[in-house]
Structures are given as structure tokens and as C-alpha cells.
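Down below is the structure, laid out as C-alpha cells.
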Amino acid sequence: MSWYKKIFKKEEKESLDKGLEKSSQGFFEKISKAVVGKSTVDEDVLDNLEEILIASDVGASTTIKIIERIEQRVARDKFVGTDELDQILREEITGLLLENPHAGTGNIDETKKPYVIMVVGVNGVGKTTTIGKLAHQFKSEGKSVVLGAADTFRAAAVDQLVIWSERVGVPIVKQNMGSDPASVAFDTVQSAVANQADVVIIDTAGRLHNKVNLMNELTKIKRVMQKVIPDAPHEILLVLDGSTGQNAFEQAKHFTAATEVNALAVTKLDGTAKGGVVIGISDQFQIPVKYIGVGEKMTDLQLFNGAEFVDSFFKKR
Ligand SMILES: Nc1nc2c(ncn2[C@@H]2O[C@H](COP(=O)(O)OP(=O)(O)OP(=O)(O)O)[C@@H](O)[C@H]2O)c(=O)[nH]1
Ligand SMILES: [Mg+2]
């Protein structure tokens with residue numbers, strides 16, 4: 086590992102630590118209250134812990150799994166001191182995240198050229214921003230990127246992606262507002278093939294999963310791209326706003342049922358105390374959390390790594 090890479094890693098870790106600060110603080114304040122006056126992990130402590138995990142947006146079924154694991158441990162070791170609770174929780178949550186068969190998914194399949202990513206999600210979750218950040222990441226890895234402005238619903242949406250393309254320094258394919266998003270996507274992949282680009286990222290308009298027409302539009306965008314690249318899109322990235330907690334769960338449930346989402350990005354983890362949602366989402370969906378957003382800057386997107394995530398979450402402040 087070169088020194089450059091090492092320094093970058095350290096910065097990434099610091100930004101993750103900082104991004105999860107609120108979630109982590111809230112969580113441990115509650116934990117320390119739950120164990121006041123208690124020396125061992127007993128029924129009461131476990132009941133409180135269950136409530137705390139639910140309140141931290143980890144989600145009911147993941148919470149139950151974690152509590153069961155701790156119960157088993159308490160049963161096995163007979164006496165577990167409350168001073169060990171943090172460490173045990175940390176180990177069990179890490180174990181849970183690493184059990185996910187998709188854990189540690191790499192970046193992109195480089196045998197696909199161009200590798201086509203279609204970005205979907207409800208309004209305002211951070212799709213366009215995530216695209217800008219992704220473009221920056223790919224570009225700094227030396228890859229050539231083309232953006233496609235297939236959110237033609239609002240004029241401002243195209244302008245916003247144009248601003249990102251200028252900021253990052255990558256080309257963009259666009260048409261006028263109101264034009265057919267599938268046609269923009271077609272032009273984009275065609276231009277990427279002609280220019281031998283490495284990565285294509287298609288922005289789409291925010292949509293609710295229960296709006297049938299809008300969901301069908303995604304199918305059409307896909308079908309049209311497949312006229313140029315038969316197995317495109319290689320990645321359908323669903324963006325979820327982590328600060329919405331349980332809503333993010335619901336969106337993931339509905340979108341994954343309606344479209345072939347195969348990667349998730351959870352944004353806005355900075356400035357929210359709901360970071361625990363990533364633990365639940367990563368545990369409950371057969372689709373990997375691939376990226377997390379920890380700020381508004383170009384550099385505030387990270388490949389999700391379960392072990393690093395838990396490490397930052399459990400960092401003592
Ligand atoms: N703090 C923070 N803000 C973010 C993050 N990601 C996106 N945002 C902000 O969220 C707001 C919405 O982001 P957009 O990228 O426009 O969201 P979108 O999904 O494209 O929205 P629509 O196109 O309207 O559906 C913007 O103000 C972004 O700066 C993040 O990781 N952290
Ligand atoms: Mg957008």
C-alpha cells in the first residue's frame with residue numbers, strides 16, 4: 086500500500102467516525118443509562134437494550150437477532166458484567182454484518198465496459214449528489230465516466246447534474262426538460278460506447294414505488310439501454326436517505342420488490358442519530374449496502390465496510 090493510499094484511508098476513516106458521531110453518541114448515552122446501578126447483564130438490561138436498539142432504527146427483526154445472540158452468550162458464560170456489554174454488542178453486530186453473504190462487495194465489475202449504473206429512489210434522497218460523488222471516485226481511480234441526465238422531469242434536475250459534471254470534470258449527455266428519459270439513457274450509453282468510457286451513471290427522477298407509471302418508466306429506460314448493451318444496467322443502485330430511519334426500510338422493501346435493485350446506497354448519515362438503520366438494512370436485505378454518504382462534499386461517499394462501520398460506531402468519544 087502506497088503512502089498516498091494509506092493517508093487517504095485514514096481520512097476516510099476519520100470522516101466515517103465523524104459521520105457516525107451523532108448516532109453513536111445517542112446510542113451509548115442510552116446504554117450507559119440502561120446499566121446504571123447494574124453489575125450484570127440480566128433480563129432488565131436486555132429489555133432496555135432491546136428498546137434502545139429499536140429506538141436507534143436498527144429495526145425489529147435485526148434487534149431480535151442481536152438480543153438472542155447476547156442471551157445465548159449470557160446463558161453460556163453465566164455471568165456477564167455490564168462493563169463488557171459494549172464489547173459484546175460490538176462483536177455480535179460485527180458478526181451479524183459479516184454473515185451477510187454480500188459483505189465486502191467490491192467496487193465495479195471491470196470486465197463490463199462500459200459498466201452501466203442506473204440510480205433510483207424516491208424524491209430528495211440524494212441520488213444526484215451520490216452520482217456526483219461516484220463520478221468523482223471513479224475519475225480519481227483513473228476511470229472515464231459519462232453521466233446521463235435522465236431526470237427530465239424538472240429543469241433544475243438537469244442543471245444540478247450539469248453542475249456536478251463540471252465540478253468533477255466528466256462529460257454529461259442531456260436533452261431538454263420534458264424529453265423522454267429512456268431516450269436520454271440511450272444516447273448516454275451510445276456515447277459511452279463510442280468513446281470507450283469505463284463507467285456510465287444514469288440519473289433518474291425521484292419516484293414513489295406506488296406510482297405504477299413511474300415504476301414502468303424505469304423498465305422502459307432499462308429496455309432501451311439494452312438495445313446498445315444487452316446486459317445493461319449492470320447495477321441498479323437504490324439510494325436511501327438514512328436520516329429517515331424506518332422510512333428507508335420501507336422504501337427498500339418496496340423498490341426491491343418492484344425493480345431489480347442490486348445495490349444500495351444509504352446517504353445523509355452525517356448529522357443524524359439514525360445511523361443504526363444501516364445495520365438493519367445490511368442485515369435484512371439480500372442486496373448489499375454498497376455505499377454510504379457521510380456529507381455533502383464530493384469526497385463524502387464511501388464503500389460500505391461492515392467491520393469499519395461498526396468500529397466507527399463503537400468508537401469511544
Ligand atoms: N448531509 C448530507 N446531505 C446529503 C447527502 N447526500 C445528499 N445530501 C443532500 O440532500 C439533498 C438532496 O440531494 P439530491 O442529490 O438533490 O437528491 P435527489 O435524490 O437527486 O433528489 P430529486 O432529484 O429531487 O429526487 C441535497 O441538499 C444534498 O446536498 C449526504 O450524504 N449528507
Ligand atoms: Mg436528483
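Mapped onto the numbering used here, the consecutive letters of the sequence shown carry residue numbers 86 to 402. Backbone N, C-alpha and C fix where the C-beta goes; we use that ideal spot for every residue, glycine too.
Query: Nearest residue (CA-CA) to Phe394, options Val351, Gly263, His319; Result: Val351
Query: Residue(s) in a DSSP beta bridge with Pro386; Result: The displayed chain sequence assigns Leu, not Pro, to residue 386. DSSP output for Leu386 lists Gly378 as bridge partner(s).
Query: Met262 versus Leu232 - alpha carbon distance; Result: 16 Å
Query: Length of the line joining the Cα atoms of Thr147 and Gly380; Result: 26 Å
Query: Bridge-paired residues (DSSP) for Asp326; Result: Thr352
Query: CA-to-CA distance, Ala317 to Lys307, given in whole angstroms; Result: 7 Å
Query: Nearest-angstrom Cα separation, counted from Ile248 out to Thr289; Result: 16 Å
Query: 6 Å Cβ shell around Gly330 - same chain, five flanking residues per side excluded; Result: Asp142, Lys359, Val362
Query: Proximity test, Gly291 beta-carbon vs ligand 1 heavy atom, cut-off 7 Å; Result: yes
Query: Beta-carbon proximity of Ala220 to Val230, cut-off 8 Å; Result: yes
Query: Best match in Asp326, Pro373, Lys296, Ile155 for proximity to Asn185 [C-alpha to C-alpha]; Result: Pro373
Query: Run of the alpha helix (DSSP H) containing Asp288, from where it starts to where it stops; Result: Here Asp288 belongs to no alpha helix (DSSP H); instead the beta strand (DSSP E) covers 284–289.
Query: Cβ-based neighbour list, Asp272, same chain, cut-off 8 Å, excluding 5 preceding and 5 following; Result: Gly233, Val258, Gln260
Query: Proximal residues to Gly254 (C-beta, below 8 Å), its chain only, five neighbours per side dropped; Result: Lys224
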